[in-house]
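Undergrad: Attaching a single structure in structure tokens format; questions to follow.
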DNA sequence: CAGCATCCCGATTGATACTG
DNA sequence: CAGTATCAATCGGGATGCTG
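Residue numbers (the numbering used here), protein chains in the order written: chain A, 2 to 229; chain B, 2 to 229.
Take a look at the structure:
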């Protein structure tokens with residue numbers, strides 16, 4: 002019952018849109034790309050989504066086989082939603098579409114940025130040549146949640162929580178909102194002034210943190226013919 | 002006026018969905034991937050879209066900068082819609098999402114297939130190792146329109162009309178509906194019986210045509226945990 | 001006929017309140 | 001916390017009409 006309003010088209014694209022083409026669906030998928038989330042997490046990370054719509058989308062994604070609903074073992078006992086293996090294969094689509102959207106001449110309106118978006122943007126916006134000789138392990142803390150970003154020899158590893166199977170401690174820990182981190186990565190601000198302004202805190206090797214932040218850049222805006 | 006119902010999210014994905022996330026929008030883009038089309042062409046190739054919705058989507062895509070509206074020089078004089086350079090960069094997204102959708106366990110319901118979808122499916126579903134040693138130039142005719150598909154050394158070139166800058170004549174010409182071609186490529190039928198049944202006609206090297214058709218295969222269906 | 005604009009109606013979405 | 005229930009607003013689909 003995802004929708005009975007199918008495109009009725011044998012094309013794979015049309016069928017994909019039957020499954021994840023409804024409003025909010027792909028943003029829910031985005032939020033799940035870094036691991037399982039609870040219903041209330043998703044609500045918090047997708048401001049603007051209504052409670053009933055989130056329910057409907059999750060239902061649709063579950064019946065489509067993109068997401069599974071799972072109850073965590075005790076003592077947690079909470080129910081979480083998680084991408085299936087097939088659902089995880091939407092990652093390249095999400096990243097490419099995000100990259101495409103970031104090039105839009107229609108300015109980046111909006112005022113919200115989720116932690117997941119910020120982390121995924123690192124994967125898309127890394128400048129591998131600038132980072133060629135780096136070996137930097139950062140811990141990013143956004144809204145109480147910890148993420149890792151490990152940049153070694155032009156390759157980036159990111160995820161929620163600490164770096165798995167990594168005994169090495171992060172070179173630095175930066176705590177800030179996703180918005181602040183975005184301005185540090187892509188915008189005009191630098192780490193020092195953000196710290197003095199009280200918008201970010203750094204622990205560990207501040208120089209390493211600052212260098213890490215310079216290794217990312219937004220793609221160029223596409224230039225399009227004079228509108229209309 | 003694409004939508005005043007924006008996600009209001011700085012994330013590139015959310016912005017992309019503001020632009021091409023509405024119903025039918027990405028299917029319109031798909032139909033434009035092989036070159037400019039007129040309004041009425043799009044209507045014919047997207048059965049189910051309402052005339053006013055097609056208008057709205059084209060407006061939205063044009064103001065977003067994804068599509069341009071152009072009047073062909075005389076004597077044609079008709080107006081066509083065409084992807085901008087930035088719009089063409091949606092191709093990998095469309096192909097990947099189509100490939101993802103084709104793996105859905107929810108069966109390929111529906112009864113329609115556009116000529117563009119069929120051609121694009123060739124790009125996604127080529128088996129390069131099977132085609133490693135081929136050098137086959139086919140002309141495909143669907144609903145009066147000609148397309149070329151040239152397979153050389155594991156690489157496929159496809160497009161509308163004849164192969165450009167290619168003096169070599171096609172090895173064979175196959176005329177059929179996109180649906181019939183799909184069953185020949187991916188389904189149970191073979192070229193000979195389709196011809197005898199009157200569903201396809203072949204001119205030129207029939208063996209080459211038949212060999213070409215065996216070089217493509219649908220991706221495996223994803224297996225997902227028992228739904229709900 | 002191509003390219004929309006209008007009107008109507010059902011389907012989808014959104015805001016909010018409410019429940020186990 | 002994890003949703004469901006309700007109702008208003010909006011959107012999409014289909015038919016139809018208009019304009020060059």
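Where is the CB? At the ideal position from N, CA and C, for every residue including glycine.
How is residue 160(A) classed by DSSP in three states: helix, strand or coil?
TA: Three-state DSSP puts residue 160(A) in a strand.
Undergrad: Taking Cβ positions only, does residue 7(B) come closer than 9 angstroms to chain A?
TA: With 9 angstroms as the cut-off, residue 7(B) counts as an interface residue toward chain A.
Undergrad: Looking only at DSSP bridge pairs, what is residue 140(B) linked to?
TA: The partner list for residue 140(B) (beta bridge, DSSP) reads 149(B), 174(B).
Undergrad: Mapping DSSP to helix, strand and coil, what is residue 8(B)?
TA: The answer is coil: DSSP assigns residue 8(B) none of H, G, I, E or B.
Undergrad: Three or more C-beta pairs closer than 8 angstroms, one from the stretch 27-45 of chain B and one from the stretch 145-165 of chain A: is that the case here?
TA: Not touching, per the Cβ criterion.
Undergrad: Using the C-alpha atoms, what's the distance from residue 112(B) back to residue 198(B)?
TA: Cα to Cα, the separation comes out at about 20 angstroms.
Undergrad: Can you check whether the CB of residue 100(A) is closer than 9 angstroms to the CB of residue 1(B)?
TA: No answer is possible for residue 1(B): the residues shown for chain B start at 2 and end at 229.
Undergrad: Taking 9 angstroms as the CB-CB cut-off, is residue 67(A) touching chain B?
TA: Cβ-Cβ to chain B under 9 angstroms: yes for residue 67(A).
Undergrad: For residue 196(B), I'd like the list of residues in its chain whose CB is within less than 7 angstroms of its CB, leaving aside the five on either flank, ordered along the chain.
TA: Correct list, in chain order: 202, 203.
Undergrad: Rounded to the nearest angstrom, what separates residue 106(A) and residue 189(B) at their Cα positions?
TA: Going by the C-alpha atoms only, they are around 47 angstroms apart.
Undergrad: When you compare the CB positions of residue 115(B) and residue 46(B), do they come within less than 9 angstroms of one another, or not?
TA: Cβ atoms of residue 115(B) and residue 46(B): closer than 9 angstroms.
Undergrad: For residue 153(A) versus residue 139(A), is the C-beta spacing smaller than 9 angstroms?
TA: For residue 153(A) and residue 139(A), no; Cβs fall outside 9 angstroms.
Undergrad: Below 9 angstroms between beta carbons: does that hold for residue 9(B) and residue 49(A)?
TA: A contact, by the Cβ cut-off of 9 angstroms.
Undergrad: Report yes or no: is there a C-beta of chain A within less than 9 angstroms of the C-beta of residue 95(B)?
TA: Output row for residue 95(B): interface = yes.
Undergrad: Determine, using beta-carbon pairs with one atom in the stretch 50-60 of chain A and one in the stretch 56-76 of chain B, whether at least three such pairs fall under 8 angstroms.
TA: Not touching, per the Cβ criterion.
Undergrad: Hey, how far is the Cα of residue 2(B) from the Cα of residue 207(A)?
TA: Its pLDDT being 33, under 50, residue 2(B) is placed unreliably in this model, and the value from its coordinates should be taken loosely. Distance between the alpha carbons of residue 2(B) and residue 207(A) is about 45 angstroms.
Undergrad: How many whole angstroms separate the CB atoms of residue 117(B) and residue 27(B), which I take to be in contact at a CB cut-off of 8 angstroms?
TA: So it is not a contact: roughly 13 angstroms between Cβ atoms.
Undergrad: At the level of alpha carbons, what is the spacing between residue 75(A) and residue 81(A)?
TA: Their backbone Cα atoms lie some 13 angstroms apart in a straight line.
Undergrad: To the nearest angstrom, report how far apart residue 160(B) and residue 171(B) are at their CA atoms.
TA: C-alpha separation (whole angstroms): 13 angstroms.
Undergrad: Within 9 angstroms of any Cβ in chain B, is that where the Cβ of residue 193(A) sits?
TA: Judged by the 9 angstroms Cβ criterion, residue 193(A) is not in contact with chain B.
Undergrad: For residue 19(B) and residue 56(B), I'd like the C-alpha separation in whole angstroms.
TA: So the alpha carbons of these two residues sit roughly 17 angstroms apart.
Undergrad: Beta carbons nearer than 8 angstroms to chain A: which residues of the stretch 166-186 of chain B have them?
TA: Listed in sequence order: 180, 183.
Undergrad: Below 8 angstroms CB to CB, which residues in the same chain sit around residue 211(A) once its five sequence neighbours on both sides are set aside?
TA: Excluding residues within five positions, the ones whose Cβ falls inside 8 angstroms are 191, 192, 193.
Undergrad: Of the residues that make up the stretch 16-34 of chain A, which ones have a beta carbon closer than 9 angstroms to any beta carbon in chain B?
TA: Taking 9 angstroms as the Cβ-Cβ cut-off against chain B, the residues of the stretch 16-34 of chain A that qualify are 16, 17, 18, 19, 20, 21, 22, 23, 24, 25, 27, 28, 31.
Undergrad: With DSSP as the reference, please indicate the residues paired to residue 80(B) in a beta bridge.
TA: The partner list for residue 80(B) (beta bridge, DSSP) reads 72(B).
Undergrad: So, residue 87(B) versus residue 225(A), is the Cβ gap smaller than 9 angstroms?
TA: Their beta carbons are under 9 angstroms apart, which means residue 87(B) touches residue 225(A) by this criterion.
Undergrad: Note down, in chain order, every chain B residue with its Cβ under 8 angstroms from the Cβ of residue 226(A).
TA: Within chain B, the residues near residue 226(A) are 66, 69, 85.
Undergrad: Would you mind reading off the limits of the beta strand (DSSP E) that contains residue 202(A)?
TA: Residues 201-205.
Undergrad: By the 9 angstroms beta-carbon criterion, what residues does the stretch 133-148 of chain A contribute toward chain B?
TA: Answer in chain order: no residues at all.
Undergrad: Kindly give me the distance between the Cβ atoms of residue 84(A) and residue 30(A), rounded to whole angstroms, as I take these residues to be in contact under 8 angstroms.
TA: Sure, about 7 angstroms apart at Cβ, within 8 angstroms.
Undergrad: Taking the straight line between their C-alpha atoms, what separation do you get for residue 180(B) and residue 158(B)?
TA: C-alpha separation (whole angstroms): 21 angstroms.
Undergrad: Can you confirm whether residue 57(B), when its beta carbon is compared against all beta carbons of chain A, has any partner nearer than 9 angstroms?
TA: Output row for residue 57(B): interface = no.
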